[in-house]
Each structure stands twice: as structure tokens, then as C-alpha cells.
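Only one structure is covered here, and it is reproduced in the block below.
Protein chains: 2
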Amino acid sequence: MYRSHTCGELRESDINTKVTLSGWVQKTRDKGFVVWVDLRDRYGITQLVFDEDRTSSKLLEQARSLGREYVVQVTGEVIERTSKNPNIPTGGIEVLVEEVILLNKSKTPPFTIENETDGGEDLRMKYRYLDIRRNPVKNNLIFRSKVSMEVRKYLSDHSFVEVETPYLIKSTPEGARDFVVPSRMNEGQFYALPQSPQTFKQLLMVGGMDKYFQIVKCFRDEDLRADRQPEFTQIDCEMAFVEQEDILDTFEGLTKHLLKEIKGVEISAFPRITYDDAMRIYGNDKPDIRFGMEFGELNAVTQHKDFGVFNSAELVVGIAVPGGASYTRKELDALVNWVKRPQVGAKGMVYVKYNEDGSFKSTVDKFYDQEDLAKWAEITEAKPGDLICVLSGDANKTRTQLSALRMELAERLGLRNPNEFAPLWVIDFPLLELDEETGNYHAMHHPFTSPKPGQLELLETDPGAVRANAYDLVLNGNEIGGGSIRIHDREVQSTMFKHLGFTPEEAQAQFGFLMDAFQYGAPPHGGIAFGLDRLVSILGGQETIRDFIAFPKNNSGRDVMIDAPAAIDQEQLNELKLKLDIEA
Amino acid sequence: MYRSHTCGELRESDINTKVTLSGWVQKTRDKGFVVWVDLRDRYGITQLVFDEDRTSSKLLEQARSLGREYVVQVTGEVIERTSKNPNIPTGGIEVLVEEVILLNKSKTPPFTIENETDGGEDLRMKYRYLDIRRNPVKNNLIFRSKVSMEVRKYLSDHSFVEVETPYLIKSTPEGARDFVVPSRMNEGQFYALPQSPQTFKQLLMVGGMDKYFQIVKCFRDEDLRADRQPEFTQIDCEMAFVEQEDILDTFEGLTKHLLKEIKGVEISAFPRITYDDAMRIYGNDKPDIRFGMEFGELNAVTQHKDFGVFNSAELVVGIAVPGGASYTRKELDALVNWVKRPQVGAKGMVYVKYNEDGSFKSTVDKFYDQEDLAKWAEITEAKPGDLICVLSGDANKTRTQLSALRMELAERLGLRNPNEFAPLWVIDFPLLELDEETGNYHAMHHPFTSPKPGQLELLETDPGAVRANAYDLVLNGNEIGGGSIRIHDREVQSTMFKHLGFTPEEAQAQFGFLMDAFQYGAPPHGGIAFGLDRLVSILGGQETIRDFIAFPKNNSGRDVMIDAPAAIDQEQLNELKLKLDIEA
Numbered sequence: 079m080y081r082s083h084t085c086g087e088l089r090e091s092d093i094n095t096k097v098t099l100s101g102w103v104q105k106t107r108d109k110g111f112v113v114w115v116d117l118r119d120r121y122g123i124t125q126l127v128f129d130e131d132r133t134s135s136k137l138l139e140q141a142r143s144l145g146r147e148y149v150v151q152v153t154g155e156v157i158e159r160t161s162k163n164p165n166i167p168t169g170g171i172e173v174l175v176e177e178v179i180l181l182n183k184s185k186t187p188p189f190t191i192e193n194e195t196d197g198g199e200d201l202r203m204k205y206r207y208l209d210i211r212r213n214p215v216k217n218n219l220i221f222r223s224k225v226s227m228e229v230r231k232y233l234s235d236h237s238f239v240e241v242e243t244p245y246l247i248k249s250t251p252e253g254a255r256d257f258v259v260p261s262r263m264n265e266g267q268f269y270a271l272p273q274s275p276q277t278f279k280q281l282l283m284v285g286g287m288d289k290y291f292q293i294v295k296c297f298r299d300e301d302l303r304a305d306r307q308p309e310f311t312q313i314d315c316e317m318a319f320v321e322q323e324d325i326l327d328t329f330e331g332l333t334k335h336l337l338k339e340i341k342g343v344e345i346s347a348f349p350r351i352t353y354d355d356a357m358r359i360y361g362n363d364k365p366d367i368r369f370g371m372e373f374g375e376l377n378a379v380t381q382h383k384d385f386g387v388f389n390s391a392e393l394v395v396g397i398a399v400p401g402g403a404s405y406t407r408k409e410l411d412a413l414v415n416w417v418k419r420p421q422v423g424a425k426g427m428v429y430v431k432y433n434e435d436g437s438f439k440s441t442v443d444k445f446y447d448q449e450d451l452a453k454w455a456e457i458t459e460a461k462p463g464d465l466i467c468v469l470s471g472d473a474n475k476t477r478t479q480l481s482a483l484r485m486e487l488a489e490r491l492g493l494r495n496p497n498e499f500a501p502l503w504v505i506d507f508p509l510l511e512l513d514e515e516t517g518n519y520h521a522m523h524h525p526f527t528s529p530k531p532g533q534l535e536l537l538e539t540d541p542g543a544v545r546a547n548a549y550d551l552v553l554n555g556n557e558i559g560g561g562s563i564r565i566h567d568r569e570v571q572s573t574m575f576k577h578l579g580f581t582p583e584e585a586q587a588q589f590g591f592l593m594d595a596f597q598y599g600a601p602p603h604g605g606i607a608f609g610l611d612r613l614v615s616i617l618g619g620q621e622t623i624r625d626f627i628a629f630p631k632n633n634s635g636r637d638v639m640i641d642a643p644a645a646i647d648q649e650q651l652n653e654l655k656l657k658l659d660i661e662a
Numbered sequence: 079m080y081r082s083h084t085c086g087e088l089r090e091s092d093i094n095t096k097v098t099l100s101g102w103v104q105k106t107r108d109k110g111f112v113v114w115v116d117l118r119d120r121y122g123i124t125q126l127v128f129d130e131d132r133t134s135s136k137l138l139e140q141a142r143s144l145g146r147e148y149v150v151q152v153t154g155e156v157i158e159r160t161s162k163n164p165n166i167p168t169g170g171i172e173v174l175v176e177e178v179i180l181l182n183k184s185k186t187p188p189f190t191i192e193n194e195t196d197g198g199e200d201l202r203m204k205y206r207y208l209d210i211r212r213n214p215v216k217n218n219l220i221f222r223s224k225v226s227m228e229v230r231k232y233l234s235d236h237s238f239v240e241v242e243t244p245y246l247i248k249s250t251p252e253g254a255r256d257f258v259v260p261s262r263m264n265e266g267q268f269y270a271l272p273q274s275p276q277t278f279k280q281l282l283m284v285g286g287m288d289k290y291f292q293i294v295k296c297f298r299d300e301d302l303r304a305d306r307q308p309e310f311t312q313i314d315c316e317m318a319f320v321e322q323e324d325i326l327d328t329f330e331g332l333t334k335h336l337l338k339e340i341k342g343v344e345i346s347a348f349p350r351i352t353y354d355d356a357m358r359i360y361g362n363d364k365p366d367i368r369f370g371m372e373f374g375e376l377n378a379v380t381q382h383k384d385f386g387v388f389n390s391a392e393l394v395v396g397i398a399v400p401g402g403a404s405y406t407r408k409e410l411d412a413l414v415n416w417v418k419r420p421q422v423g424a425k426g427m428v429y430v431k432y433n434e435d436g437s438f439k440s441t442v443d444k445f446y447d448q449e450d451l452a453k454w455a456e457i458t459e460a461k462p463g464d465l466i467c468v469l470s471g472d473a474n475k476t477r478t479q480l481s482a483l484r485m486e487l488a489e490r491l492g493l494r495n496p497n498e499f500a501p502l503w504v505i506d507f508p509l510l511e512l513d514e515e516t517g518n519y520h521a522m523h524h525p526f527t528s529p530k531p532g533q534l535e536l537l538e539t540d541p542g543a544v545r546a547n548a549y550d551l552v553l554n555g556n557e558i559g560g561g562s563i564r565i566h567d568r569e570v571q572s573t574m575f576k577h578l579g580f581t582p583e584e585a586q587a588q589f590g591f592l593m594d595a596f597q598y599g600a601p602p603h604g605g606i607a608f609g610l611d612r613l614v615s616i617l618g619g620q621e622t623i624r625d626f627i628a629f630p631k632n633n634s635g636r637d638v639m640i641d642a643p644a645a646i647d648q649e650q651l652n653e654l655k656l657k658l659d660i661e662a
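Protein chains in written order, with our numbering: chain A, 79 to 662; chain B, 79 to 662.
In C-alpha cells form, the structure reads like this:
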């Protein structure tokens, strides 16, 4: 038996108990006549003590020889500390050691195993197994496990069945790029790894499985943007005999359950906003509503004067920045430069100081008088002391730019409190999205999403106007879940494929099994999928998913710890009937 | 709202309630003046009634038009049945229908959606989504979900953390063949899909994670034997600061929990047997101990006479078949032929009838007298009325043959009761196994398994004799779990790789990250992995794992429903810098 207790367990009530502990040497303090060792495991730290009076000189020497991260097993007696540490749960006691068994030595770790480490990102990734010993990473992984368990408990208690769908499936060129897996037993053929279990969960609905969920890895071979991973985890859910309202209810319930069980936060009914309103009011389909700064559209009150920039603009739109009237000229110039950065892309910015005395001072005083500016303030809900920032131009672009400014300012103003949780349903998404490069429409959610009742005909005449029974769950400005009511009629699905540019042959080759299934009594159904990595990081009050993944990959899709991907043997290639097609 | 109740929910206490149900038409009975429809969903069947007196003729016509597997929503009133059906929970009531909404039609399904179907295996696989509507398949999937949830509850309650390890890892030629995944972003390089998360769970132990588990898909590109799947699910577990005893305790606890929660069976301490004893007594390292028929070694009592077959045999070994003395000559001949089949491979079989009158009659009466045969009976624990079957030859082969005979006879005698559960720990496995073809030793469990203390030196002199801290959990003659205490010392691991035929360079290239990790304070650790597919099927009283997998693959690794694997686009191959190397 390597231990009778963990290093986080002993209290003053254990004094005089003989205990055995195992763990890692966090640090050693040698005062000559006394040596203290902090012994660490997953559960905490316990102070060990060796001293000249009560410890043999041999044992004292052994204590002195222990380096950082050595693994030891110690036996001794729990005693009261003379100088207690109220900051840790075991701070009232220490263990007077009688025996030390060295279980393993350690080289000096390449970075310190402390809450704040001196190791850079790359080094910590290469030695991820050491990084995991640090509390922040360790606690994130335990937190993730707890969230997953609560998800399963809630869904199981609501009659959902967790069904494992296959990982070796079929490649479909639609959507993002698949990872493929050559099949040795089926020469020249490939499996694909699932981008999601979408078609399988729909087949389970056809199969009568009614309430399905799965916490499941999904795969996308995308050029990785920051904070994307080639493999990621979804909470994948589907229900039959439901309307949109049933799904929103069920998963609002799940989210409330998580917020309550995990964060102790109780939230009543989640607000809902349509996609169109979200774009109009926040310039964003995943608005952060922890703070206001709602958009005020100013076209009506700006386009009657000689200011050509506004007169020619499709949209003139502003936000009120709380307390911004006190910004210095230098700060304001910096703000204008910020919106002009290529990442944001505005051509310029008009601003108005709404002074505490009720007067206005703007960069366009030449064109607009105090009465005009008072109207701007009314529309943007600015109060004395605020700054009104106004952008203009193409409607979609301007909204996106102002949304970026809104988020940046909220961040600077400390309005994005990670311990506050503001969920929001965004509903009535467009069914299709125009690809500006190709001029083609593609499915905004996926090709299985149903148009709103009665809107199927609009596909012919005004595809961009068709709205879908599609919804996203947004938490603190992040999309944590999204889903839709699906098509369950073979004819409608055929029509949809046609509008998405599939020939009947392509549709049959790729999704024939689903369309066939729809002929045998497919029930109405719909579902949702949550991004677990994102959900966990936001619940954890952070925004970097990588910190909540045990063994993440870097931006080139590499695992630098195990050094993967890597070359494989020629023999393996031969067996798979493959040749590398690389120029020397 | 598609339904107020499910089709399994209504009882006599609901009489006079107005309800809405949705489901599939199981069958329609038309008596002219009255039409009954059985409506089915995941939860059960409810009888709908339409009749001339209480139903409009239009509605009655509609009822008559409903085909098998049509999807309908009905509204009506719960009424008492005149002729109750005590065999189903809803048998006391029926629903007098007021409205029928046809949600979807169905073509006639290719096989009947009944507990006993007329569909063959191939057809049911192609239309798996229809097969899942059948109770036996549906219930198996729900059962699997319940087992997984109980596993998670038990392990979470015992401080285990579920950590997701990566699916895109590195190929290692050791062991079974990997599925590989070409990396587009890393030209000419490949990921591999994990055969198990073995090295990652060991790194989590180095990372201090202490108690890890994961229910996780694993992948092996093997030529598929019956009832093997290229992707399968493991309950993967690892613990640090443990000895073998700690692991056996913990997972005996898990197995007891499952037997109790899932099957209502309480079992006290699991028996244990060494590998050597299991082979000696049952000729099998996963013995079914629901019945006796233990091997009796007969060398000492057979090799003093002139029977050359036995005299030249390394092993002469027999079992007593309960009641076998009454077998006819024809049955006995068939049994002899059975052991001589190539799949078993015995050269012949000697048998002895132990008659009820206490006399013996054997096929070798020429060589052995009644006194001799009485000794055989004593050793094989045969009783009057039994048959003693004796095989002889090379020890290992003969044990395997007799084990096959023992299992076959037990099956025929009905001794393998699927509702009886007999778990067994098999311990002290050999560390290495001789590959008879190549003459090389390879790891019996895997190369990370630690030899028993003090046996490292034996590796040089008698590798086959080295025993490992390795154990299997056997349930009803099936290995449901296996594991070991691992090596946690870099030097020992190096030595092990050397004995397994790795050059230092190969060991470094493939497992360098693990050996590096061992330098930074690796704790003693060990673990176990359960095959979930197998565990669930045995708990479910069946032996075919395919019946417990939602979308299984066939013996060629194909998913015949979605028709995968399949060819991929040339463009995809180009992006991956791959060429097919197939002769036209």
C-alpha cells in the first residue's frame, strides 16, 4: 500500500495518527537543524518535517537529498504545526517523518511546477505531462470531467440514450474537409472521420430512438485558426416528435442545470432574439449581452445635412461608450486608429463627447448642431459623460466593424465579467448564406436544416430571405450550441440538395442512405450540438479551449509531445496500396 | 406539440383523459365496423380504436388507409378496453381517436418490425435504422447506455477523472496494425488512430492525474475474425500509487456494482486463479467456471501399460461429462469426430463410460482394467453415470483441444446459463509469449507491463518463465478486462524494449516521449481496460457484440448501410499528396 491518505486530506483531527503518503517533492527548505518538504499530489500539499531532535541523521540526510519532483513514499506521525498556514486546508498539521522510500528520481523539470510557471507555451506543450501537474491545468481537466458527467446525468434523467455512432464513416465533399482513413481490406477505398454524427443521429430518429445524445469526438481538416483543433468534442443531441420549442426548452434546462450544479448560478428564462435583430442591435449573431451598448441607427437623423460620408452610406450606426466623454485626445485618436486597423477595416470614425454639462462636442460639428447631436444621443441611449462612436458605410460591413469596437471597448471597460453568465437564444437564422466569392448559396447550418413552414417556395425566388428553424445558444458572446429542426421528407430533402448545387446523382451517392431512410416512416425531428471544449472553457471563466484539453495540438495540427503526425513505414504504405506524391 | 404522452405510458388511471400520441403504425386490424391500430414508439404500444358508432366515416377511412410503419399523430380519449391484454402495460386501455394527422408515409419495410423478424442478417444491416425499431436491438442499445452510465457513476464516485485523450496520434508498428490518417498540413506524414490510449494514460499518471478513466473508441486494422470490429469501445482505466491488489479491489468493486445495479445479482469476493492453474485445470486462460468439468491429468495412471499413444504423450488428460455414460454409440462416434475436426485438431479420443452400476467400459479396455479406470474416475471426479473423455499429446495443444471439448459439452448440456454470472480473476500471466513461427518472444500484454519483482534478471536466461503483474477479469468464459502494473522506470523500460527486439533507435523514435517522461518523476502505476462491447453483451446474456453496437461493420470492415469505405475524389488525394498504387 503506497498511501493511507492523500496529500490533501489530513487535518488537525488526524493529529497523532500514523500515516503513509506518496507524492512529488514540491520544494524543500533546509534550515540546518530542520528540513521541511512540501509533498504534493493531485489532492493537495502536505508539509513533511525532519529535525535534528526527532529524526535520525541518516533520515535527515535523505530528506536533504530530495530534489524537486522526486517521487517519494513517507511514513510518519501527524503533528500540530507550530506556525500554521491558514491558506491551505492541510495548513494546521505536518507529518513528522519516520521513513522515506524513494519511488523515483526526477531530472530538474524544464519549467517550474507552480500555479504561475516560468515555462512558455511551446515548452509546456512539449512536456504536457509536467504541465498537467500544475494546478491550473489539472483543475481544468477535473472541471471538464465534472461538466461532462453533469451533462450525462441531466440527459439520462430526461430519458436520453447515449448511443455510440461510428468513427469510420464515408467522406462527403460537402462542408469542411474530411480526414480520411485508407482501408487496407477495401483496396483504393477510404473511410472518413466524422465532422459530426449528423446523419447517424438522424438515422437513429428514423430508428425510433427518440431522444439521443453522445459526447463524441469530431474531426475537421481545416487550416487551423487560433484556438481551433483538428479534433474537438461535441455534446451531440437529437429528438424526434419535437418542435423547435421542445428543443429550446430541453436544452435551456440542460444549460440551467450546468450553471447551477457547476457554478451555483441560477438563471430564469433565457432571453431570445432573432438573427435579424441580433445583427441589427449588436452587429453579431452571437452577441454578448452582459452589457448594453446597443447599436443606434442614425440614418434618419444624419442624412439631411451636407456630410457626404454619411449621406452616401447604406448605414450610419453608433454606440454609446459609458464614461467615454473623459477620453483624452490621444486616447480618442488611438481608438480611431484601432477601428482603421486592417483586422477591423473601418475607413474612419466619427465621435461625439456628451459632456457632463449636457453639451456635445463632436468631430463633425461643422455639419451637425447641438440639436442634431442630442438626437444621436437619444437614439444610442447615451448619457452625459458618455462618448458616442459612429461608423458608416455598407450595412453588413459596418455592423461587423461596430461589433468589433463594441467588444473591444467592453473588454477595456471590464464589462465582460467571466463570473457573470448571460445566455441567449438566437433564433430564425437564414437557411442559406451567400458565398460572396462564388455567388452561390450554401447551407448556413447544414443541408439537413428545414426551412420555416411555407417558405420552401421562396427558395426559387429569394433564397437569401428563407428563414430556418435553426437556433444557436450563445453564452457570454460565444456560440456554445447550435441546431435546427431537420427535414424529414424525402422530397423536401431532394429539393434542398438541388438548391445547394448537388446533382441528383451526387445527392444519391453521398446521402442516398439518408434519403432512402426517409421513405420508411421518418418522424419529425431536430437537435442541437454543443461544443464541449468551448462550453467548458466559458463555464471555467476562460476563453482558450486549449487549456481545457489534456493533449491539444498546435496550429499546424501537430502534437509536439509525441511528435505526430510522422512518416510511416514503406511497408505500411504498400499494404494500403498508396504512394506518396511529393516532389523531392 | 406532437404528443402529450408516450405510447408506453397510459394506464387505467388515465381513463377519460384527452391525449395526443405520436408513433409508428405497428399493425391495423379491420373488422369492418371497427378498426384497431397498434401505435408504437420507443416506450411501448398503445391500441387505437376507430368504430362506426363513435368515429366519423371519414376518420374511419383514414384509419383504414394507414400502412405499416406510417408515422401518425393522433388525438383522442383514453377509454377502458373491453377485452384487456394483460401482456402489455397499456393493455387495460385504448384510445378512441378523434383526429389523425399523417406525419409521414412509409414504403413497406423490407422485413417485419417485430421481435422475431423475417429479415436476414444482411438485410437488417443494410436497413439498420429499421432494425433499431425492433425491441431486441432497441433494448440492447438502451441497455448499453445504462451500463456506460453506471460505469461512469461508479468511477466518478471513486474520484476517477474522465480525461479525453487524442484520436489523432502516432503510428507504432508494434502490436496490431494501425489505421492511419494522412495529414494534409504536414506533407507525407500520417497520424494513426489509437489501438488504445495506453501511452496517454501512462503520461496522465506521470502528470499526477492519479485516477483516470475514459470510455473510448479504439481502432485495429486486423483481418476481422467473427465478432471483431475495426472500431471498438474500451473502458480504459489507470491508477497511480497502486499495487496489483489495489487495482483488483477497485475493479472488482466496479464489476460488482454493475452486476448489482444492472442485473440485480450480488456476488461476494471474486475467485482468483493463476494463469498456470487456469491452463492446467481448464486448458484456457479465460475459463468458464459456471460449471465444473475440471481437467484430471492422467499421465501417472496411464503410462504404465502398453498403450503407446498415452506412453508417448507429453500429457494425458481427461474430463468427466455429467450423465455422459448414457450416450449412444452414434453420439459417441460423433463426439470423437467433433474433436477430430480441423478447428479442434485432436488425433482421436479415448472415452470411458462410468456405468450406474459402478462398472467401467472404455475404448481402451485392452490396455486398462477396471481398477485402472477407477483411478481415472477418481482423478477426473467422475461419478457413476458420467463419461470420461481423454485426450493426449503435446501438453499445450491437448489442453486447448480438451478445453474446446469442455466448452462444447457444457453448451450442449445447458451448463452455460446466461443468467448466471461467474467472474474470475486470472493472475500471474507470463510476461512474454513465444511466437512459434519466428521463434521470438513478444509481450503477452504489451511492452509496458512490469515483470514480477526480482524476475527482471530471468529475462536473460529463461524469458518464457518470467511472470508479470498482469491480470485478466473473466466473466462466463469471456475475457472482459485485462491490465497490468506498468514499468515506471526508464532503465527497466529500455531493457524491456531491448528484449522485445527494438533497437535503441527504434525505441526512441516510437516511445521516446514516454521514456523521457519517465525521467521526470514517474510514479508507480497500473491499470486495466474493459472491452465494453463484450461486457455489455455478456451482461445482456448474449455473446454477439454486433447486437449491442448501433451501426456495426461486417467482416470486411464495411458499413453496408452507408456503403463505406468508398472511393474519394482525385482532388482529395491531390491535397493529401497521395497516389493510389493499384494495378488496373
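Beta carbons are placed, not taken as given, at the ideal position from N, Cα and C, and that holds for glycine. Model, not experiment: these values are computed from the prediction.
Check	Outcome
For the region 189-207 of chain B, which residues have a beta carbon sitting closer than 8 Å to at least one beta carbon of chain A?	Tyr205, Arg206 and Tyr207
Measuring alpha carbon to alpha carbon, tell me which residue in B:Gly561, B:Ala585 and B:Asn556 is nearest B:Val570.	B:Ala585
Taking the alpha-carbon positions, what's the B:Ser346 to B:Asp305 distance?	31 Å
How would you label B:Asp256, buried or exposed, when you count the other beta carbons within 10 angstroms and need 16 or more for buried?	buried
Counting only runs that start and end within the region 389-423 of chain A, where is the alpha helix (DSSP H) found for 4 or more residues in a row?	407-418
So with Cβ pairs under 8 Å, would you call A:Lys655 a contact of chain B?	yes
On the CB-based measure, 16 or more other CB atoms within 10 Å of its CB, does B:Thr527 come out buried or exposed?	buried
Just the C-alpha distance for A:Met485 and A:Lys431, rounded to the nearest angstrom, thanks.	20 Å
Would you give the residue range spanned by the alpha helix (DSSP H) that B:Gly377 belongs to?	The question names Gly, but residue 377 of chain B is Asn in the sequence shown. First-last of the alpha helix (DSSP H) with B:Asn377: Asn377 to Thr380.
DSSP has A:Trp114 in a bridge; who is on the other side?	A:Arg107 and A:Val127
Buried or exposed: A:Arg120, going by 16 or more other Cβ atoms within 10 Å of its Cβ?	buried
Of all the CB atoms in chain A, is at least one closer than 8 Å to the CB of B:Ala628?	yes
Let me confirm a value: B:Asn547 is counted as buried when at least 16 other C-beta atoms fall within 10 Å, else exposed. Which label applies?	buried
Give the interface partners of A:Asp472 over in chain B, defined as CB-CB distance under 9 Å, in chain order.	Under the 9 Å cutoff, chain B gives no residues; its nearest Cβ is about 34 Å from A:Asp472.
Take the Cβ of A:Lys109 as the centre, count every other Cβ of all protein chains shown within 10 Å, and call the residue buried at 16 or more, exposed below.	exposed
Along chain C, which residues have their Cβ under 9 Å away from the Cβ of A:Thr243?	Here chain C cannot be found, since the structure's protein chains are A and B.
Can you find at least 3 beta carbon pairs, one from the region 634-653 of chain B and one from the region 187-204 of chain B, that sit closer than 8 Å?	yes
Along the region 224-240 of chain A, what residues have a CB closer than 7 Å to any CB found in chain B?	Ser226, Met227, Arg230, Ser234, Val239 and Glu240
Would B:Leu219 count as contacting chain A if we go by Cβ distances under 8 Å?	yes
Please name the residue in A:Ala645, A:Arg624 and A:Gly599 whose C-alpha comes closest to that of B:Val150.	A:Gly599
B:Arg490 versus chain A: which residues are under 8 Å apart at the beta carbon?	Near B:Arg490 there are no residues of chain A at all, since even the closest Cβ is about 35 Å away, more than 8 Å.
Measure the C-alpha to C-alpha separation of A:Ala644 and A:Gly426 and round it to an integer number of angstroms.	48 Å
Along the chain, where does the beta strand (DSSP E) containing B:Ile563 start, and where does it finish?	Asn556 to Ile563
Just to confirm my understanding: we take B:Gly436, look at its own chain, exclude 5 residues before and 5 after, and list those with CB closer than 8 Å. What are they?	Pro462
Can you pull the chain B neighbours of A:Trp102, defined as C-beta to C-beta under 9 Å?	Gly286, Gly599 and Pro601
Might you give, ordered along the chain, the residues of its own chain that have their beta carbon closer than 6 Å to the beta carbon of B:Ile367, omitting 5 neighbours on each side?	Ala500 and Leu502
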